[in-house]
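Residue numbers in the sequence shown follow my numbering, run continuously in steps of one, and reach 272 at the last position. Report on one structure; see the data block that follows.
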Amino acid sequence: MKQLKHLFLIFGAFLVLMPGLVSFSHIFSGHEHHLCHHYAKKHFHAKDLDCDLYKYHSNPALEISFLEFPVFIPKITREITVTPYEFLEDHKPLCYDLRGPPARFT
167 MKQLKHLFLI FGAFLVLMPG LVSFSHIFSG HEHHLCHHYA KKHFHAKDLD
217 CDLYKYHSNP ALEISFLEFP VFIPKITREI TVTPYEFLED HKPLCYDLRG
267 PPARFT
């Protein structure tokens, strides 16, 4: 059972890495393919049937562009704000403010 699990692991790794290996071997084959950038026009492309890279579709369907945000550095100002509003400073808590709801004793 352990050998079967090991065999499936190797086979799965081979299947995952196969498209990358074919693309890597395509670098040394001496020809290149151009990607189409005319998405608005209807047109057809001639395909090279001898190339193995056409088995794997690798057109960029999504272009990722990252947004750049400027770094925000806050300015620290040391000012004392004086206001005539002093209502909350004179408030003293009363004893009945801390009461809970009425309870029933039985």
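Built from N, CA and C at the ideal position, the CB exists for glycine as well.
Pairing residue 168 with residue 231, the inter-Cα distance amounts to about 46 Å. DSSP places residue 179 in the helix class (H, G or I) of the three-state scheme. Residue state for residue 188 is assigned as helix, using DSSP reduced to three classes.
For the pair residue 170 and residue 182, the Cα-to-Cα distance works out to about 18 Å. Take the alpha-carbon of residue 235 and the one of residue 241: they are about 18 Å apart. Within the model, the alpha-carbon separation for residue 174 versus residue 194 is close to 31 Å.
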